[in-house]
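Trainee:
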Amino acid sequence: MPYGIQIKFLPIILRKHGVSLSKISLFKLLFLPWVFKLLWAPLVDKHGTKKQWLIGTTTLLALTCLLTASVNFYSLSSLALMLFMQNICVSVQDISVDALAVSILSTEDVGLGNVAQVTGYKVGGVLAGVMYMMVHNSAGHGATYIILALVYAVALVLIHFADIHSLQGTLTPNGSSKHKPLKSSSSQEKITPKEKYFSTLFQAVTVEGSLWMIVYTCVYKCGENASIALVPLLLLDKGVSDTKVAFCTGVVGSLATIVGSLVGGVILKRFSAHASSYMLNIGRVFTMVCITILVGNLLSVTTTQDNNYADILICLCCVQLFLSGISSILTFSWMMHLSQNAPASIQSTNYTALATSEILGKLMFSSFIGYLPEYAGYQPTFYALLVSVMAVALMTFSTPKYLRGLGCPKLT
3 MPYGIQIKFL PIILRKHGVS LSKISLFKLL FLPWVFKLLW APLVDKHGTK KQWLIGTTTL
63 LALTCLLTAS VNFYSLSSLA LMLFMQNICV SVQDISVDAL AVSILSTEDV GLGNVAQVTG
123 YKVGGVLAGV MYMMVHNSAG HGATYIILAL VYAVALVLIH FADIHSLQGT LTPNGSSKHK
183 PLKSSSSQEK ITPKEKYFST LFQAVTVEGS LWMIVYTCVY KCGENASIAL VPLLLLDKGV
243 SDTKVAFCTG VVGSLATIVG SLVGGVILKR FSAHASSYML NIGRVFTMVC ITILVGNLLS
303 VTTTQDNNYA DILICLCCVQ LFLSGISSIL TFSWMMHLSQ NAPASIQSTN YTALATSEIL
363 GKLMFSSFIG YLPEYAGYQP TFYALLVSVM AVALMTFSTP KYLRGLGCPK LT
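Residues 3 to 414 (my numbering) make up the sequence shown, in order.
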């Protein structure tokens, strides 16, 4: 829910109040805790239960929401600090949720499991964003985060009574059958905690196929995500109302990603993630070409023609979000299949390494992309984004043979 607010709706409100494109982009750096998930993933793997981590992080989220409600919205530094604290809590919580998914999902259920995860967080983001826009405009910033704190309090009760332990016991981790477990002999007992920590990290990132996947996940959404972030701000600059932009790109756009996620789950029932990516990337490149051309037209027309081009651009942005939803399901399922083939004791660390690289790529690119339109203009920026999307499409042709066959459905 905090992610949905910060990524979709907060930039619109900040731009409405005159915050520069570069400062809005820098707000993406508040997601840095997601990049460092890999550093504390071994702690979640080795200490405590997943339920204990979920209870602890949800409690802290409720408290940070109450703290956020008390700060002045127009004090950007104070607001940024509170949002940063929220992202620390959510990033640790995400490790626990991913670890549960990796340990309980069978190969056949990975696609549907990822649909449930991705759709759930997107629905939460939409609901939180709509609530944020409505409550922020009528009752102010503080009331929004008090409501969020109450939501987390309810979630805390549900987690407390959930029988997570028995759920984990229903399936044996898939990775244990294809790899030998990590050594647990008396010689390992002499390894210091520090050595064990770095050994877990090293083994996680050197699982077969992981290095290529880390590079791919780091770049596969850079151009697309930057485009999705800049289009709403461009529309605001061209005089489109913030309400229309928030509803069309935030609410309708998020619904488009949810539909895309559902379609992605259906696709994975028939085709592997790698095979599906070929056709998907062609669609992504074509959509990006259309958006780049339309941005040029929108910037060159008179105000009487703005509305038509703006409406078409909104529609294309929703198409891009739809394809992004499919892409997320395909890629995260691909990642999960890879992690399930890792030794059971490092599965969540391996998956976290892959997920962290995905976040790192999007974060680093989108955090500084605001400087480009500010100094070079929107049109050159979108040309650069188009090149990025085309490069990713070409990269799928270099996929290692081992990764191409992961998660191939068993057709009957």
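Built from N, CA and C at the ideal position, the CB exists for glycine as well.
1) Within this structure, are the beta carbons of threonine 459 and methionine 133 separated by less than 8 Å?
2) Can you tell me whether phenylalanine 200 is buried or exposed, with buried defined as 16 or more other CB within 10 angstroms of its CB?
3) Can you give the Cα-Cα distance for threonine 351 and leucine 40, rounded to whole angstroms?
4) Write down every uninterrupted run of the alpha helix (DSSP H) in the stretch 218–279 whose length is 4 residues or greater and which is fully enclosed by it, in chain order.
5) What's the C-alpha gap between tryptophan 36 and lysine 223?
6) Starting from the C-beta of leucine 356, find all residues in its chain whose C-beta is less than 8 Å away, skip the five residues before and the five after it, and write them out in chain order.
7) May I ask you to report which of helix, strand or coil DSSP gives alanine 164?
8) Taking DSSP as the reference, what is the three-state secondary structure of threonine 289?
9) Which same chain residues, not among the five before or five after asparagine 283, have their C-beta less than 7 Å away from its C-beta?
10) Could you round the C-beta distance between leucine 2 and proline 382 to whole angstroms and report it? I think they count as a contact, below 8 Å.
11) Assuming leucine 332 and serine 243 form a contact by the criterion Cβ under 8 Å, report the distance between their Cβ atoms to the nearest whole angstrom.
12) Going by DSSP, what residue range makes up the alpha helix (DSSP H) through valine 389?
13) Quick check: the Cα distance between leucine 63 and histidine 49, rounded to an integer number of angstroms?
14) Rounded to whole angstroms, what's the CA-CA distance from tyrosine 373 to tyrosine 385? Just pull it up for me.
15) Within a Cβ cutoff of 6 Å, which residues of the same chain sit near valine 57, ignoring the five residues on either side of it in sequence?
16) Which class does histidine 19 belong to by DSSP, given the choice of helix, strand or coil?
17) Ignore the nearest five residues each way along the sequence and tell me which others in cysteine 91's own chain have a CB closer than 7 Å to its CB.
18) Cα-Cα, which of Ala157, Gly126, Tyr76, Ala248 is closest to glycine 142?
19) With distance defined between alpha-carbon atoms, name the residue in Leu388, Gln54, Val117, Thr202 nearest to glutamine 349.
20) Rounded to whole angstroms, what is the Cα-Cα separation between leucine 85 and threonine 251?
21) Using CA coordinates, which residue listed in Ala130, Ser140, Ala164 is at the minimum distance from valine 153?
22) Alpha carbons only, please: which of Leu32, Leu238, Ile14, Ala275 is nearest the one belonging to isoleucine 361?
23) Would you call the CB atoms of valine 73 and glycine 225 closer than 8 Å?
24) Cα separation between leucine 16 and methionine 135?
25) Return the chain-ordered ranges of every alpha helix (DSSP H) run that is complete within the stretch 14–64 and spans a minimum of 4 residues.
26) I believe proline 234 touches isoleucine 26 by the beta-carbon criterion, under 8 Å. Please report the beta-carbon distance rounded to the nearest angstrom.
27) Is it buried or exposed for glycine 20, if we count other Cβ within 10 angstroms and need 16 for buried?
28) Please determine, among Val137, Gly6, Lys240, the residue with the shortest C-alpha to C-alpha distance to alanine 312.
29) Is the distance from the Cβ of alanine 228 to the Cβ of phenylalanine 367 below 8 Å?
30) When burial is assigned at 16 or more other CB atoms within 10 Å of the CB, is valine 297 buried or exposed?
31) With 8 Å as the threshold, decide whether the Cβ of leucine 332 is near any Cβ in chain C.
32) Evaluate glutamine 8 with the Cβ neighbour count: other Cβ atoms within 10 Å of its Cβ, from every protein chain shown; 16 or more gives buried, anything less gives exposed.
33) Hey, quick one: how far does the alpha helix (DSSP H) through threonine 358 stretch, first residue to last?
34) Mapping the DSSP letters down to three states, classify valine 159 as helix, strand or coil.
35) Between the alpha carbons of alanine 248 and isoleucine 316, how many angstroms are there, rounded?
36) Let me know if threonine 174 comes out buried or exposed under the rule of 16 or more other beta-carbons within 10 Å of its beta-carbon.
Mentor: Looking at the atomic coordinates:
1) Residue 459 lies beyond the residue range present for the chain, which begins at 3 and ends at 414; the question has no answer from this structure.
2) exposed
3) 7 Å
4) 224–239, 244–247, 255–270
5) 16 Å
6) Ser212, Met215, Ile216, Thr219, Met337, Leu340, Ser341
7) coil
8) helix
9) Val394, Ala395, Thr398
10) Only positions 3 to 414 of the chain appear in this structure, which leaves residue 2 out of reach.
11) Their Cβ separation, rounded to whole angstroms, is 35 Å, which puts leucine 332 and serine 243 out of contact at 8 Å.
12) 380–397
13) 20 Å
14) 15 Å
15) For the sequence presented, residue 57 should be read as isoleucine rather than valine. Same-chain partners within the cutoff: Ile161.
16) coil
17) Thr59, Leu62, Leu63, Thr66
18) Tyr76
19) Thr202
20) 22 Å
21) Ala130
22) Leu32
23) no
24) 12 Å
25) 23–28, 34–37, 39–48
26) Between isoleucine 26 and proline 234 the Cβ distance is about 10 Å, and since that is not below 8 Å, they are no contact.
27) exposed
28) Lys240
29) yes
30) buried
31) Of the chains in the structure shown, none is chain C; there is only one protein chain.
32) buried
33) 349–370
34) helix
35) 11 Å
36) Interpretation of threonine 174 is limited by its pLDDT of 43, a score under 50 that renders its predicted location unreliable; the figure taken from the coordinates is listed afterwards. Exposed is the call here.
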